[in-house]
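**Q**
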Amino acid sequence: MAVILLVEDEVELADVVEAYLQREGHTVERAHDGERAASLFLAVRPDLVLLDIMLPGRDGLSLLKQFQASAPQTPVLMLTAKAEDDDKLRGLDLGADDYIVKPFNPREVVARVRAVLRRSQGSFESALIRVGPLELDEASLEATVSGTPLRLTATEFRLLTHLAKHPQRVFSRLDLLNAALPERDALERVIDSHLKNIRRKLAKLGAGELIETVYGMGYSLRDVPRESSLKSSVKS
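Quick note: the sequence shown uses the working numbering, first residue -19, plus one each step.
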């Protein structure tokens, strides 16, 4: 079972969520403010974080930046209110894997936690996927560009792997949503946020041209020759 960091300042809500997660066999560490959450994250190295946006002291978005900088593979589920659409998108842009809207049924939280952990901790046959300078190792969940580590979140890794398994094929947003977040009834623009993050990270390593937007249709991964991408990287 997993170690889950629950960051929520509503004590009664946190009590209920913790009880449901413990019934699943998870260990729950709790923080009711931003500073405590930051220190607990470093101390316990959780397998997953449930992170409220509105917190005393440091807000959830600033915490998310810190978590992503130190451990980008740790899945983060944001807890947001219905009126916080801008915060949801900002959180996704910063690397959150998904969000849960308040008020919610605790059973939904358990189900979503189970699904995200299955994706992030699931066992894979050792398989390397190579497209141009990009290499993805499904066994270790590691990605590199021309040998340089590419730091991806769990959802980003899943999205890029799906594209890389079918280079040149165009996927709609709905296709990618079903591949990366199959249990979610999420907005298709969530995919745009995740792919924007992947593109930005690829661009820093000279491979920003790998993901192509096919207007009116979706996205595809270009099978760029390794030599071409290396020249592009040198020029940049």
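Note that the Cβ used here is the ideal one computed from N, Cα and C, for glycine as well.
#1: Roughly how far, in whole angstroms, is the beta-carbon of residue 132 from the beta-carbon of residue 68, given that I think they are within contact range, below 8 Å?
#2: Using the DSSP secondary-structure output, state which residues sit across from residue 97 in a beta bridge.
#3: Could you check the C-alpha separation between residue -10 and residue 140 for me, to the nearest Å?
#4: Report the residue from -4, -12, 4, 107 whose alpha carbon sits nearest the alpha carbon of residue 17.
#5: What three-state label does DSSP hand residue 86 in the structure shown?
#6: How about residue 77 and residue 135: are their beta carbons less than 8 Å apart?
#7: Tell me the DSSP bridge mates of residue 198?
#8: I need the boundaries of the alpha helix (DSSP H) containing residue 54, first residue and last residue.
#9: Give the C-beta separation of residue 125 and residue 1 to the nearest angstrom, bearing in mind that I take them to be a contact with Cβ-Cβ under 8 Å.
#10: Short of 6 Å in beta carbon distance, which residues of its chain neighbour residue 207, apart from the five on each side in sequence? Order them along the chain.
#11: Hey, out of 202, 34, 55, whose CA is closest to residue 187's CA?
#12: Report buried or exposed for residue -19, applying the criterion of at least 16 other Cβ atoms within 10 angstroms of its Cβ.
#13: For the alpha helix (DSSP H) holding residue 17, just list the boundary residues, first then last.
#14: Taking only the alpha-carbon atoms, compute the straight-line gap between residue 169 and residue 7 and give it to the nearest angstrom.
#15: According to DSSP, simplified to helix, strand and coil, what is residue 9?
#16: Can you give the beta carbon distance from residue 195 to residue 143, rounded, assuming they're within the 8 Å contact cut?
#17: Which residue or residues does DSSP assign as beta-bridge partners of residue 58?
#18: If you reduce the DSSP assignment to three classes, tell me which class residue 117 lands in.
#19: In its own chain, which residues sit with a C-beta less than 6 Å from the C-beta of residue 11, not counting the 5 before and 5 after it?
#20: Please tell me whether residue 81 and residue 28 are closer than 8 Å, where the distance is taken between their beta carbons.
#21: How would you call residue 197, buried or exposed, if buried means at least 16 neighbouring beta carbons within 10 angstroms?
#22: Quick one: Cα of residue 103 to Cα of residue 35, how far?
#23: Note down the Cα distance separating residue 122 from residue -1, rounded to an integer number of angstroms.
#24: Count the other CB atoms within 10 Å of the CB of residue 211; is the residue buried (16 or more) or exposed (fewer)?
#25: Cα-Cα, which of 53, 61, 15 is closest to residue 42?
**A** Here's the rundown:
#1: Contact flag wrong, Cβ pair sits at about 20 Å.
#2: The partner list for residue 97 (beta bridge, DSSP) is empty, contrary to what the question assumes.
#3: 36 Å
#4: Checked all of -4, -12, 4, 107; the closest Cα to residue 17 is -12.
#5: Three-state result, residue 86: helix.
#6: Less than 8 Å separates the beta-carbon of residue 77 from that of residue 135.
#7: 194
#8: Looking at the DSSP string, residue 54 is not in any alpha helix (DSSP H), and its letter there is neither H nor E.
#9: Contact flag wrong, Cβ pair sits at about 36 Å.
#10: Confidence at residue 207 is low in this model, with a pLDDT of 46, below 50, so the placement of that residue should be treated as unreliable; the coordinate-derived value is given next. Residues of the same chain with their beta carbon placed closer than 6 Å to that of residue 207 are lacking, with the five preceding and five following residues left out of the count.
#11: 202
#12: exposed
#13: 14 to 24
#14: 33 Å
#15: Three-state DSSP puts residue 9 in a strand.
#16: Between residue 143 and residue 195 the Cβ distance is about 17 Å, and since that is not below 8 Å, they are no contact.
#17: 31, 79
#18: In this structure, DSSP gives residue 117 an extended state, which the three-state scheme calls strand.
#19: -13, 17, 20
#20: no
#21: An exposed status is given to residue 197, since fewer than 16 other beta-carbon atoms sit within 10 Å of its beta-carbon.
#22: Note that residue 103 has pLDDT 47, beneath the 50 cutoff, so the model's placement of it is unreliable and the number below is only indicative. Computed Cα separation, rounded: 35 Å.
#23: Each residue's Cα considered, the two are about 33 Å apart.
#24: Its pLDDT being 41, under 50, residue 211 is placed unreliably in this model, and the value from its coordinates should be taken loosely. With fewer than 16 neighbouring CB atoms inside 10 Å of its own CB, residue 211 falls in the exposed class.
#25: 15
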